[in-house]
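Residue numbers (UniProt numbering), protein chains in the order written: chain G, 1 to 401; chain P, 1 to 401. Even glycine gets a Cβ: it sits at the ideal position worked out from N, Cα and C. The model shown is predicted, which means the values in this text are computed figures rather than measured ones.
Number of protein chains: 2
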Amino acid sequence: MALLRSRVESANRPDCPFPLNNLPYGVFSVSGAAPRCGVAIGDMILDLAECEACGLVDADGTFAQPALNSFMALGRARWDAVRARLTELLAEGATPDLPLVAMSDAQMHLPIRVTEYTDFYASKNHAFNVGVLFRGPENALPPQWTHMPIGYNGRASSVVVSGTPIRRPMGQVRGEAGPEWVPCRRLDLELELGAVVGADSEMGSRVSVEQAEAMIFGYVLLNDWSARDIQAWEYQPLGPFQSKALGTTIGAWIVTQAALEPFRCAGAERLNPLLPYLHERRPGLYDLELGWTMNGQVMGRTNYNVMYYSSAQQLAHHTSSGCPMRVGDLLGSGTISGPGRDQAGALLEMTGGGKAPVTVNGAPRTFIEDGDEIGLFAQAQGAGYRIGFGPCTGRILPAQP
Amino acid sequence: MALLRSRVESANRPDCPFPLNNLPYGVFSVSGAAPRCGVAIGDMILDLAECEACGLVDADGTFAQPALNSFMALGRARWDAVRARLTELLAEGATPDLPLVAMSDAQMHLPIRVTEYTDFYASKNHAFNVGVLFRGPENALPPQWTHMPIGYNGRASSVVVSGTPIRRPMGQVRGEAGPEWVPCRRLDLELELGAVVGADSEMGSRVSVEQAEAMIFGYVLLNDWSARDIQAWEYQPLGPFQSKALGTTIGAWIVTQAALEPFRCAGAERLNPLLPYLHERRPGLYDLELGWTMNGQVMGRTNYNVMYYSSAQQLAHHTSSGCPMRVGDLLGSGTISGPGRDQAGALLEMTGGGKAPVTVNGAPRTFIEDGDEIGLFAQAQGAGYRIGFGPCTGRILPAQP
């Protein structure tokens, strides 16, 4: 697929993250007006609420709402129809007057009301590396890891949009003479992609991997901030809890499945056959470069295609017990790490558990310090265009003892 | 405190679960009308939406909604004012005409929209007994267990109201030659009390145990159905996931903190001092008899006062990282088990991991079979009255392979 040329000139630059091929959805506001749905094009945002008010597009009035949940609930046929219509309206040569807003004038909000949030653990490099640090090399990869996408329920209330400051948590950690109550000393990021679920499933029913794929509306960048010292003390046997509840940052733009379709590819080599309920008829990952920065310096770079399980497999597994899924559910991919040190999606891995500092703008770091800003980035490179995700950043505020 | 006599004669019987002292809230409907809020009194339900429409009580119109979330969000001062007004209206000798509905004519619904659901692990007997079965006696009680209320995020979408059938899940279990995909063979119940959170907390802030207590609106019976074979294979290292997502049943009636106040008591003896953020100024448990039945036969009986952590301590811990809490959050106490076999709140414990069957109406059981019905019950015994919770039942449907 080549670049689709847009009437918005800035969208036609080869390095623009938001060409006409992309059309990611978000929620924005300008100068105090009510938040509403929009789509990114070049350095502009198309005001979808205004478009609907003018009769340019039809989404049953859902674009005037401050979250995309109601639009998603209209179903895939409507997602496709609206995308086709927006492609038409924004194409080079199209003439209708459009309510476009400069991105620089807009404030971005959480694009969805997060219904529930689940985080998975699907990069073999990450699972192995972290397993070694928490449990030693002989127990590093849990025995079921190659048979099922392991995940845990996270806390939806702590999901925030890119740019929201994150407070360093206080917490219980293991001490010499019993547990201590301290500001987290091992604060970390996790580089992830979040899948946004756009359809419900019924309680007591399972969905296949194909059905699951059709339920996914799109993807956001996701940073699952992690307090490693709190995690080490609390996580056995019921899993991470407060160590993962200090905040999860997502990008403001949901990149749709349709935009990523040209980049579909297979993931990591399978180590053993999967049970039939996890079979994929076609590859479920994307050739998508991702990375992260600390205070502006690129620290790690990897690719989404290192993952062992796709979001569709994770979603299918999530319903395997009959668990009902709902519009607005968010599924974290798990930390995305390649095999090399400079491909790690978390400081825990990159520094070998804090033993081997990295250098950031000349200063040593093992974990995140107060005032540090972490940013995630991702892009799929097409022929003469790219699909970007926009920023996913957060700066750390000091703990409140 | 003695029985408060009501104009509803059935509420004055000493064995009535819903005397004027109780006034639990629920959501009901009659003959196809829209679900609305009500309060139980004797064998009747007072239609609170109608009461508001007639000007008998003032809750900003929230009682016409099909969930108590908006009423709870009005805050504790309003909870108290409405309770005082209802006590007046329903007292013996009160004369205003009241919209009362026979409980037998009403269908009950989920009393709240469950925002998020967290399940704890706060009975030492249960934690130890289950720990022995999953990890052996030497690792039975996790080292942090006496220092913090361990919990994990559950799945809110799978919480259903008493009477809803529960489908036996399919799932991955450990097999001789690798994992197998089978109907759950070790289906279990968990006898719990659920605390309903009635106020928000701010992200990045912590709440004290006292503040936490003031945020709790009331309590429901809660059965956290558990697939033990799926759990054993999946739960390390990120905790239980699909084994706990097949369904969680709660009772239809929320018993308020106010109703339970006369039964306040201390819990289990503390084995070591707690960190200051978990200190309680006054005892946070209740002298509340609980138990469960299988196909009508009483199987286990225990008391809520065996618990090691109160719901207020659990809620305070839940915010320790700055995790924001929201109106409608549900906190499971963890399985409530006394030390004896006939005090166990789960079959896993009662049967020693399935090795020692129990007899139910003459038939042996290790775990739950298709068609079995599990019921929970609870009551606090006052002088001449009792505070009941109503039923919390579920019958098991066969798996769908």
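Under 9 Å between C-beta atoms, does residue i make it to chain P?
{"i": "V358/G", "result": "no"}
{"i": "I336/G", "result": "no"}
{"i": "residue 420/G", "result": "Outside the displayed range of chain G (1 to 401) lies residue 420/G, so it cannot be described from this structure."}
{"i": "W253/G", "result": "no"}
{"i": "A34/G", "result": "no"}
{"i": "S70/G", "result": "no"}
{"i": "H147/G", "result": "yes"}
{"i": "L315/G", "result": "no"}
{"i": "Q400/G", "result": "yes"}
{"i": "E92/G", "result": "no"}
{"i": "T351/G", "result": "no"}
{"i": "W181/G", "result": "yes"}
{"i": "F134/G", "result": "yes"}
{"i": "L187/G", "result": "no"}
{"i": "G300/G", "result": "no"}
{"i": "residue 471/G", "result": "Because chain G in this structure spans residues 1 to 401, residue 471/G falls outside the shown range and cannot be described."}
{"i": "Q211/G", "result": "no"}
Cα separation between residue i and residue j?
{"i": "N22/P", "j": "F134/P", "result": "40 Å"}
{"i": "R281/G", "j": "Q313/G", "result": "11 Å"}
{"i": "F120/G", "j": "A59/P", "result": "42 Å"}
{"i": "N153/P", "j": "P14/P", "result": "39 Å"}
{"i": "S123/P", "j": "N223/G", "result": "34 Å"}
{"i": "S333/G", "j": "D188/G", "result": "17 Å"}
{"i": "Y308/P", "j": "G284/P", "result": "10 Å"}
{"i": "G388/P", "j": "S162/P", "result": "15 Å"}
{"i": "V220/P", "j": "T256/P", "result": "9 Å"}
{"i": "G61/P", "j": "A53/P", "result": "8 Å"}
{"i": "F71/P", "j": "Q231/G", "result": "36 Å"}
{"i": "A33/G", "j": "L246/P", "result": "43 Å"}
{"i": "V30/P", "j": "L86/P", "result": "21 Å"}
{"i": "P391/G", "j": "A102/G", "result": "16 Å"}
{"i": "E176/P", "j": "V182/P", "result": "13 Å"}
{"i": "G204/P", "j": "V197/P", "result": "18 Å"}
{"i": "W145/P", "j": "R270/P", "result": "11 Å"}
{"i": "G75/P", "j": "S201/P", "result": "12 Å"}
If we cut at 9 Å on Cβ distances, does residue i have a partner in chain G?
{"i": "I162/P", "result": "Before going on, a small fix: residue 162/P reads as Ser here, not Ile. Answer no: the Cβ-Cβ gap between S162/P and chain G never drops below 9 Å."}
{"i": "L111/P", "result": "Residue 111/P is actually Pro in this sequence, not Leu. No, its Cβ sits nowhere closer than 9 Å to a Cβ of chain G."}
{"i": "N272/P", "result": "yes"}
{"i": "residue 457/P", "result": "For chain P, the structure presents residues 1 to 401; residue 457/P sits outside this window and is missing."}
{"i": "L397/P", "result": "yes"}
Using a Cβ-Cβ cut-off of 7 Å (strictly less than) and excluding sequence neighbours within five positions of residue i, which residues of its own chain qualify?
{"i": "D229/P", "result": "V173, C184, R185 and R186"}
{"i": "A140/P", "result": "F128, G131 and V132"}
{"i": "S208/P", "result": "A316"}
{"i": "L56/G", "result": "L89 and P96"}
{"i": "A252/G", "result": "G26, M108, P111, V161, S162 and G390"}
Output needed for residue i: all residues of its chain with C-beta closer than 6 Å, excluding positions within five of it in sequence on either side, in chain order.
{"i": "N303/P", "result": "E289"}
{"i": "T366/G", "result": "T351, G354 and P357"}
{"i": "R36/P", "result": "A49 and A64"}
{"i": "R395/P", "result": "P165 and E373"}
{"i": "Q297/P", "result": "V360 and N361"}
{"i": "P17/P", "result": "G388"}
{"i": "A212/P", "result": "A312, L315 and A316"}
{"i": "I368/G", "result": "L187 and I396"}
{"i": "G194/G", "result": "V220, L222, I250, L330 and G332"}
{"i": "F28/P", "result": "G38, I45, A106 and M108"}
{"i": "A73/G", "result": "V327"}
Keeping to the same chain, check which residues put their C-beta closer than 8 Å to that of residue i; ignore five residues upstream and five downstream.
{"i": "A346/P", "result": "H126, V130, D188, L189, E190, L191, S226, T335 and S337"}
* Residue ranges of each alpha helix (DSSP H) run of no fewer than 4 residues wholly in the segment 100-187 of chain P, ordered along the chain? -> You should have 124-135.
* **Residues from the segment 11-30 of chain P in contact with chain G, defined by Cβ distance under 9 Å** => Here the close residues number zero.
* **beta strand (DSSP E) runs contained entirely in the segment 272-336 of chain P, provided each spans 3 or more residues** => Segments of the beta strand (DSSP E) lying fully in the segment 272-336 of chain P: 289-294, 297-303 and 330-332.
* **Secondary structure, alpha helix (DSSP H): runs of 4+ residues fully inside the UniProt domain "Fumarylacetoacetase N-terminal" (21-111) of chain P** => The qualifying runs are 48-53, 69-72 and 76-90.
* Contact list for the segment 226-252 of chain G against chain P, Cβ threshold 8 Å -> So the list reads A227, I230, W233, E234, Y235, Q236, P237, L238, G239, P240, F241, Q242, S243, A245, L246 and G247, given in the order they occur along the chain.
* Closer than 7 Å, Cβ to any Cβ of chain P: which residues of the segment 276-294 of chain G, in chain order? -> Answer set for the segment 276-294 of chain G: Y277.
* If you measure beta-carbon to beta-carbon, which residues of the segment 149-160 of chain G are closer than 9 Å to chain P? -> Correct list: I150, G151, Y152, N153, G154, R155, A156, S157, S158 and V160.
* Using Cβ-Cβ distances below 9 Å, what residues of the segment 318-342 of chain P are close to chain G? -> Hits within the stretch, in order: H318, T319, S320, S321, G322, C323, P324, M325, R326 and D329.
* Asked: Which runs of the beta strand (DSSP E) fall wholly inside the segment 211-243 of chain P and span at least 3 residues, in chain order?
  -> Counting only runs of 3 or more, we get 216-224.
* Chain-ordered residues of the segment 97-123 of chain G with a beta carbon less than 7 Å from chain P -> Those would be E116 and Y121, in chain order.
* **Where the segment 163-174 of chain P meets chain G: residues whose CB sits under 7 Å from a CB there** => Of all residues in the segment 163-174 of chain P, those with a C-beta nearer than 7 Å to a C-beta of chain G are R167, P169, M170, G171 and Q172, reading in chain order.
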